[in-house]
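Read top to bottom, the protein sequences are chains A and B.
Here the numbering used here is used: the first sequence runs in plain steps of one and ends on residue 207.
Here the numbering used here is used: the second sequence runs in plain steps of one and ends on residue 1207.
Glycine is no exception: its CB is placed at the ideal position from the N, C-alpha and C atoms.
Working notes, beginning with the structure itself.
2 protein chains.
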Amino acid sequence: MARQARALATRQAVLLAAAEVFDERGYAAATMSEILERAGVTKGALYFHFRSKEELALAVILEGQSAWLVTWEPSSDSPVQTLIDIGYAFAHALQDDPLVRGSIRLTIEHGSFTPPQIAAYQGWSDVARGLLERAQEAGELHPGIDLAAAAAVIQGAVTGIQLSSQVLTDRQDLIQRMADLWTLLLPGLVQPHALARLSVTERAPAP
Amino acid sequence: MARQARALATRQAVLLAAAEVFDERGYAAATMSEILERAGVTKGALYFHFRSKEELALAVILEGQSAWLVTWEPSSDSPVQTLIDIGYAFAHALQDDPLVRGSIRLTIEHGSFTPPQIAAYQGWSDVARGLLERAQEAGELHPGIDLAAAAAVIQGAVTGIQLSSQVLTDRQDLIQRMADLWTLLLPGLVQPHALARLSVTERAPAP
DNA sequence: GGCCGCATACCGTCCAGTAGGTATTCTACC
DNA sequence: GGTAGAATACCTACTGGACGGTATGCGGCC
């Protein structure tokens, strides 16, 4: 066994560099050479840790997903408030964490990695769906809401808003766009009495 | 001068094949060889009409945009109804028109073509914004709505829903997802009396 | 001293783009 | 209304370079 610390360090360096390059160029346009260069690592080192470009990309996707899931700790408020908070946490991860950025770009770029992509989309939907179920049980939603449909809409809207914000302002207005989304979306979802208790804009500025 | 009919035909064949391949593989992973093969055209012919791969992609983007804009004729109803109808027209174009599909994929895949991409995103926003302005003048919207923000949210949501639908179901549930979006979104946007007159689901089945 | 972790040099493939020639179609003039 | 010749449209064969991946060698921590 005895995994050496140095090995882990270079593995992380490669992963980080790969995430950056994949985020900037996309999978196909990214070259191993640029990843090597940015990681300050040679080809042998990289191919010792990852057997192919595709395996490296898959690793970026998975690491990015877990890296961002780690940051999510459910707030004790209403389920809908938790959903909103998750959205903002996701937004900040997208702004700050290169691994998450790379992971998202590879996920959005469909083509080569169908299974993990579907998992990522479905994962978001499932989280939203679960929270909406709890909200429905708590009587916070309008009656007759189709939970699966609502969860899918939220997942899609978040995806698209993130993408638009990236293209148009390099994600600088992402937080504002999320607030606008909730402002527009919540009245059709939650009942007024629950709506009044929600904080649509971000509550605590990121530390 | 004297554009020959045959030339136009091959140009169209190339454009169509390119749109298909770009749609399936993305810009970087698409190869000219596959485009040639699918178009039934040789390299010389292609490079006579398009000087480079990038120029070909730009042509696909532009043709796709105009191809889809052509189909849009404003209905005489309320501005918001027009917005809904445009959404459905766009959805059908995405399902049926290869040029539109390819154009959208190249647009979403940011990287090489920044100006036309921004134009595409902005264009959608501007159309939505204009219709919302008219709706506001007609007193159909809630007071205090931020038009620019609402337009941006709608544009982003449509983008994301289209993308999710593509990845998860190859756009088969796109129409349903659009209906779900409007169901959830409109209550936060338009006043009840206007809402009652809107048809959220698609009105006339596509011919 | 043995194996983990990495370095270097190299290979086969494939791809965008080009050079030059050939076919097709239009124009002009008889 | 037929034909020269010019412009347009297209074809074939090729090139140079870059890319992902591998074979083999080597140094340092157990």
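Non-local C-beta neighbours of Q1095 (chain B) in its own chain, meaning closer than 6 Å and more than five positions away in sequence, comprise R1171, ordered along the chain. Around A1019 (chain B), the same chain offers V1060, P1098, L1099 and G1102 as residues with beta carbons nearer than 6 Å, after the five sequence neighbours per side are excluded. Considering only beta carbons, the part of the stretch 1158 to 1191 of chain B lying closer than 8 Å to chain A consists of V1158, T1159, G1160, I1161, Q1162, L1163, S1164, S1165, Q1166, V1167, L1168, Q1176, R1177, D1180, L1181, T1183, L1184, L1185, L1186, P1187, G1188 and L1189, in chain order. Of the other Cβ atoms in all chains shown, fewer than 16 fall within 10 Å of the Cβ of S1033 (chain B); this residue is therefore exposed.
Taking 9 Å as the threshold, the shortest C-beta distance from R25 (chain A) to chain B falls below it. L1008 (chain B) is classed as exposed because its beta carbon has fewer than 16 other beta carbons within 10 Å across all chains shown.
Residues of the same chain with a CB within less than 7 Å of the CB of A120 (chain A), apart from the 5 flanking positions on each side, are Q65 and T107 in chain order. Ranking A:A138, A:G87 and A:A28 by CA distance to the CA of V127 (chain A) puts A:G87 first. Taking all protein chains in view, the Cβ of Q4 (chain A) is surrounded by fewer than 16 other Cβ atoms within 10 Å, so the residue is classified as exposed. Q1136 (chain B) and R1025 (chain B) have their C-alpha atoms spaced approximately 42 Å apart. Along the stretch 1030 to 1110 of chain B, the beta strand (DSSP E) does not occur as any fully enclosed run of 3 or more residues. Taking the Cα of A1093 (chain B) as reference, the smallest distance to any Cα among B:A1194, B:I1175, B:V1200 and B:G1188 is reached at B:I1175. Within chain A, no residue has its beta carbon less than 7 Å from that of Y1088 (chain B); the closest one is some 16 Å off.
When 8 Å is used as the limit between beta carbons, Q1012 (chain B) is near no residue of chain A, the shortest such separation being about 26 Å. Chain-ordered, the chain B residues with CB closer than 9 Å to the CB of A28 (chain A) read R1025, G1026, Y1027, A1028, A1029 and A1030. According to the DSSP assignment, F1022 (chain B) belongs to the alpha helix (DSSP H) that extends over A1005 to R1025. Taking a beta-carbon distance threshold of 9 Å, V60 (chain A) does not count as an interface residue toward chain B. A distance of 9 Å or more separates the beta carbons of G1144 (chain B) and G160 (chain A).
Pairing L141 (chain A) with V200 (chain A) gives a Cβ-Cβ distance that is not under 9 Å.
In summary, the residues of the stretch 92 to 110 of chain A whose CB is separated from some CB of chain B by less than 8 Å are I108, E109 and H110, in the order they occur in the chain.
Exclusion of the five residues before and after K1053 (chain B) leaves M1032 as the residues of its chain whose Cβ lies within less than 7 Å of its Cβ. Taking E1037 (chain B) as reference, the option from B:A1057, B:T1010, B:P1115 and B:L1184 with the minimal CA-CA separation is B:T1010. Contacts with chain A at 9 Å (Cβ-Cβ) do not include I1035 (chain B). Flagged as an interface residue toward chain B: Q117 (chain A), by a C-beta distance shorter than 9 Å. Look at V1153 (chain B): its C-beta is under 9 Å from a C-beta on chain A.
E1133 (chain B) sits away from E109 (chain A), with the two beta carbons spaced by 9 Å or more. At least 9 Å separates the beta-carbon of Q162 (chain A) from that of A67 (chain A).
By the Cβ-count criterion, P1192 (chain B) is exposed, with fewer than 16 other Cβ atoms from all chains shown falling within 10 Å of its own Cβ. Straight-line measurement puts the Cα of G1139 (chain B) at about 17 Å from the Cα of A1151 (chain B).
Exclusion of the five residues before and after F50 (chain A) leaves L56 as the residues of its chain whose Cβ lies within less than 6 Å of its Cβ. Residues of chain A whose Cβ lies closer than 9 Å to the Cβ of G1064 (chain B) do not exist; the shortest such Cβ separation is about 17 Å. Looking from the CA of A1013 (chain B), the closest CA among B:A1045, B:A1029, B:T1082 and B:D1023 belongs to B:A1045.
For V1190 (chain B), the beta-bridge partners assigned by DSSP are B:L1141. Contacts with chain B (Cβ-Cβ distance below 8 Å) from the stretch 137 to 150 of chain A involve D146, A149 and A150, listed in chain order.
Secondary structure at A1128 (chain B): helix, using DSSP grouped into helix, strand and coil. At least one C-beta of chain A is nearer than 9 Å to the C-beta of G1156 (chain B).
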